[in-house]
Amino acid sequence: GAVELLTEETEWPEVDRPRRAAVSSFGISGTNAHIIIEQGVEHDTGTAAEQPDSDSAQAPALSIAPFLVSARGEEALRAQAARLVEYVDAHPELTIDDIGRSLATTRALHGDAAAVMAEERDELRHALSALAEGDPSPAVVHAGRGHRGKTAFLFTGQGSQRLGMGRELYGSSPVFAAAFDAVCAHLDRVLDRPLKSVLFAPEDSADSALLDQTAFTQAALFALETALFRLAEHHGLTPDFLLGHSIGEVTAAHLAGVLDLPDACVLVSERGRLMQAAREGGAMAALEAPEDEVRATLAGYGDTVTVAGVNGPRSTVISGDESAVEAITALWREKGSRTKRLPVSHAFHSPHMDDVLDEFRTVAEGLTFHPPRIPVVSNVTGELATAEQLTAPGYWAQHIRQPVRFLDGVRLLAAAGVTEWLELGPDGVLTALVQESLTSDAGALTPALRRGRAEDRAFASALGLLAARGAKVRWDAVFPGARAVALPGYAFQRQRYWLEEPARAGDAAGLGLTATGHPLLGAAVALAGRDEHIVTGRLSRHTHPWLTDHAVGGAVLVPGTGLLELALRAGEQIGAMGVDELTLAAPLLLPERGGVRLQLVAGAADDAGGRTVQIYSRPDGGAGENENEGEWTLHAHGRLGTADGPTAHSQNDALTVWPPAGALETDLTGVYERLAERQYEYGPAFRNLRRLWTADGDLYAEVALGEDQRSEAGRFTIHPALLDAALHALLPGVAGDDGGSWLPFSWSAVTVRASGASALRVRLAFHGTDPESPTVRLTVGDATGAPVAAVDALTLRPLSVEALRAAAAGTGDALLRLDWTPLQGRHTTAKPADWAVLGDERPDGLGLTEGPARSYTDAGAVIRALDNGAQAPSFLVMPCLPAPADGKELPDLVRAATHRVLTAVRSLLADERLAGTRLVVVTGGAVAAGPGEDVTDLVHAPVWGLLRSAQTENPGRLVLIDSGSGDLPAGLLARAAQSGEPQTAVRGGTLLVPRLARTRPAQGPGTASGPGTAPESGTTPGNTPRWDHGTVLITGATGALGAIAARHLVVSHGARRLLLVSRRGPDAPGAGELTQELRQLGAEVTVAAADVADRGALAELLARFSPEEPLTAVVHTAGVLDDVPLEGLTPERLDTVLRPKVDAAWHLHD
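In structure tokens, the structure reads:
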């Protein structure tokens, strides 16, 4: 037929109508798409700046304008703003008006929308940047996602007036100024002074004081609100209803067409004059109490005091004789309610107005009334005012006598479908009352002006919010003369929709295992010959990508709720329902590459049916690595229980009344952005906190999984991302800005009644008295409130971002240890050499058997021999072997030995004639080099530290050799000295040299050997310290090293009680700050001043401990820094350094 493929560019001929074309797309799977396009209207692409004769010459009604940005989803919204920042920078030839009008008229308005306020280009760029970065900014307003219903305009009443209100808009907005002048032209004929001379008078002037006189107050509010309405109308905003408060209803009647402007001004001026002329001696007060309760307390007062207004559910105004008002106010103050005396001169809306009603009715009878064009809510009835009421003079007389039923009016409009509320007045007075009166969230609730904020910006923000919510705005009035320009395309959030093959553990049954059917656990096995079970699994960012959305401090870790889920599911697998206790020992981090293997080990059942449980992990083996190598890290330990324990569910666990009565809801707008600023970087899978309330100190959280995770909920006992979201309510910046940053630490008495929920209601009740480690009780229900689970106690611990980052930086491969390994390959045979020995040690006892060795009594003897022409030896051996103590204290022996070595080495190294001589220092048991070996010669152990430093200053001149216990085997000293190794240990005929080896942390509360693995060399489970038991003493604690050790013990090892000791104690610089920091991390800290090198002072310090309050660990960091090269080191300076180290350590040992 006539249909053929278009394979090349073809002319599209013009015809006598708009050209149209059809485009078809035929998918290989059978999906067909068809679109018809039509020739658009061609616009002149020139900018307003290039066309001064066009309508661009019109002045805008506001000096600042809102710019709309919208998208589907918050991430897309931020990305769209980022694109616009680049666009604004890349197109300086375009005016911002062109950009603003194009954003509003050529782009669809999506569900996530915002308006940014800008007056000039840089301001627009900065506001868009704030939106893109998620930073809070007064120039950015976000539209809520709620349904948009009808719109109501609110008109504020007396008491909200302020000097200068409207002055800024009068100077910047021609539309506002013209409307304001039109009102003043009529009011000035009947007022004692021109209204602007009073309203815009200098502060503290005589004219400014007149504003608080009722006649001028009501006139000023009427003029301001009328001008604001005309400004909103100019921009296209139209209301469905009008609701005023007292004088505000008169304004509403005029704007609805009931009174034309001249008659409305007469009514306003006469109303103010007569109300001000009413009898004096009256007062008004606002009470924090419901209307019915207030009326009950008015009994017995007759007409002396009445209810003058019902502004909210617990906001009632009384009016009448001053004495009666004071008495009622005092009564409610005694009841604990807040009260406020209103700054008015008369008792409005009370019998005090009776004397002026007839005269006011006569004034109204001389006016012309019309039926309203816009529905007006009556203050008198709280219902929609009828045309008969609004056009009756008697209605307006009763209006100043009867109470203002504002609460009824608000609830009437809410029931009529109003969701958008715009207050036209000097401040956000009525918006606050509406907020208190609504039983559900408003879509938009905003005042046109705000006290303390630039008026044009406040109005633009209100306009922008309503526009972002879908209000029909006249954008040609906002951006007069602007042209449509091409804008950047939509910032699509690319998502992969390919069906992913789920992670599989293989055929568990074929491997002799039992499949779990759980997303995090693959298989279970019961161990032969004993009542123990192992449940295994594997996690990675690739197989479980949703876990990458749980990042804290930049580290991706399995949430505490995930570890609880592992325990619950494993318990279900082996018949142990519930978790009696689960304490988290170390974070389970997911590496960027590869994964981690899981093992959950359940012990034999005890008499009560419970089982011990431990959860381990270790990284996958890398390329070329043995899959079975590597230590297992313990992440959690505890006890699996039964569902028959004391926490079994009761009827009280139901959360069917939701939210609870009297609960105050928390605004969660931007909550996850605030959490990200505090290092909680939750992605979409974990952003599940939907609503939050507070009642009687408890938190009530409503959580629900997103669409991506909802289908998986049935495979979990309780989806970790769901329960974790409930805990977000405990974080700072959510329910409040105060409080610490927390992570779960211990779960107690966890029972589950139902599984697989995709939405939850959770009550979080605080209990316990430790503010540094709070405890929370959780009651969990499903979306209907039916019981799901209960947690008797969840204990929290402070978050340490530094510890998480350190753990994320690497596992064992990031740590090194010192190993003594056999010397391989080189210098296996000693070469002939010239040897000399200092002291009276026999050369054969040193293993020197290849020839005679010269002997010298000391270093001085060597120098004298050289002076006498002796040749310098190739090797000069200085034995430093164990000797009897002869009753001397260890510190004295250490000083004597180090003095001897220091003196000798200094003099020998200083003599240039010995530059070719290697000084070989031999010790016996001064270092631990073999498996399970300890240092046996404490006297000469410091010699190794001293000479290691000397070796770095004198490369190739010094050799350290340790013989262990006993004589050196023949020839080994020579082999060691000639090996080229600066340090060697001789053990059992083998030369050992120190080498760095990769390792993982030693076993402790956070690590443990998994099944089939051996502990690290030199450690056993029995000798691992429990840092969280008893008191840890840290010497030199206020110094740099001591402070680091203290933080590490608290953060990484859970130390809870510290005694920080230094010579100056609490007076040391930084001691107070360190103490406060450690306490904030959850530790109990005591600071004491003592010289630990003084035995008496140390004994007095340690006397505070007892078996009931024991000292369980000592970290000795005390020291004196006196850095100097070996050639400048004297025995006296050495003693200064040794005293806090050696003497203090010896006293601590005693």
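What the sequence shown shows, in the working numbering, is residues 128 to 1277, in sequence order. Ideal placement from N, C-alpha and C gives every residue a C-beta, glycine not left out. The structure presented is a predicted model; accordingly, all values stated were derived computationally and were not measured.
DSSP state of Glu-719 mapped onto helix, strand, coil: coil
Bridge partners - Met-1279, DSSP secondary structure assignment: Residue numbering for the chain in the displayed model covers 128 to 1277; residue 1279 lies beyond these limits and cannot be assessed.
Residue interval of the alpha helix (DSSP H) (run including His-1026): 1017-1037
Ile-445 burial status per 10 Å Cβ neighbour count (16 or more: buried): buried
Segment contact flag, the stretch 1229-1239 with the stretch 1163-1183, C-beta cutoff 8 Å, min 3 pairs: no
Straight-line gap, Gly-1255 to Val-1264 (C-alpha atoms, nearest Å): 14 Å
DSSP bridge partner residues for Ile-501 (one or two, in chain order): In the DSSP output, where bridge partners are listed per residue, Ile-501 has none listed.
Delimiting residues of the beta strand (DSSP E) encompassing Val-1214: 1211-1216
Close beta carbons around Ala-231, own chain, < 6 Å, minus the five adjacent residues each side: Leu-195 and Trp-602
Residue burial classification, Glu-510 (beta-carbon count within 10 angstroms, cutoff 16): exposed
Gly-363 versus Val-600: straight-line alpha-carbon distance, rounded: 5 Å
Identity of the residue in Ala-543, Arg-248, Val-1070 and Val-1054 nearest Thr-1063 by Cα: Val-1054
Val-267 and Ala-259 closer than 8 Å at C-beta: no
Bridge partners - Val-196, DSSP secondary structure assignment: Ala-241
Under the three-state DSSP convention, the category Trp-1273 falls into: helix
Reduced DSSP secondary structure (H/G/I, E/B, other) of Tyr-624: coil
3 or more residues per run - each beta strand (DSSP E) lying fully within the stretch 422-463: 432-439 and 442-448
Residues near His-764 by beta carbon distance below 8 Å, same chain, minus five either side: Leu-709, Thr-710, Ala-712, Thr-739, Val-740, Gln-741 and Ile-742
Short Cβ contact (8 Å threshold) for Thr-922 with Phe-872: yes
Neighbour-count burial assignment, Ala-1141, 16 or more Cβ in a 10 Å radius: Residue placement at Ala-1141 cannot be trusted, given a pLDDT of 31 that sits under 50; what the coordinates show is reported in the next sentence. Ala-1141 should be labelled exposed.
8 Å Cβ cutoff, Thr-710 in contact with chain D: The structure shown contains no chain D; it holds only a single protein chain.
Per-residue burial, Pro-499 [other beta carbons within 10 Å of its own, 16 or more giving buried]: buried
Which of helix, strand or coil DSSP assigns to Leu-1228: helix
C-alpha gap between Phe-1232 and Val-1219, whole angstroms: 16 Å
According to DSSP, residues forming a beta bridge with Tyr-983: Leu-965
Length of the line joining the Cα atoms of Ser-464 and Glu-415: 5 Å
Pro-615 and Leu-211 closer than 8 Å at C-beta: yes
Alpha-carbon spacing of Ala-176 relative to Gly-608, whole angstroms: Because Ala-176 sits at a pLDDT of 42, beneath the cut-off of 50, its placement in the model cannot be relied upon, and the following sentence gives the value as read from the coordinates. Computed Cα separation, rounded: 9 Å.
Outcome for Trp-673 when other beta-carbon atoms lying within 10 angstroms are tallied against a minimum of 16: buried
Closest by C-alpha distance to Val-861, when choosing among Pro-901, Leu-887, Ala-729 and Trp-820: Trp-820
Contacting residues, own chain, Cβ-Cβ under 6 Å from Glu-1060 (five flanking each side not counted): none
One or two residues paired with Gly-908 in a DSSP bridge: Arg-888 and Pro-914
Counterpart residues of Phe-893 in DSSP-defined beta bridges: Val-903
Inter-stretch contact at 8 Å, needing at least 3 Cβ pairs: the stretch 561-571 / the stretch 262-280: yes
Beta-ladder partner(s) of Gly-649, from DSSP: Gly-649 pairs with nothing; no bridge assigned.
Three-state secondary structure (DSSP) of Ser-744: strand
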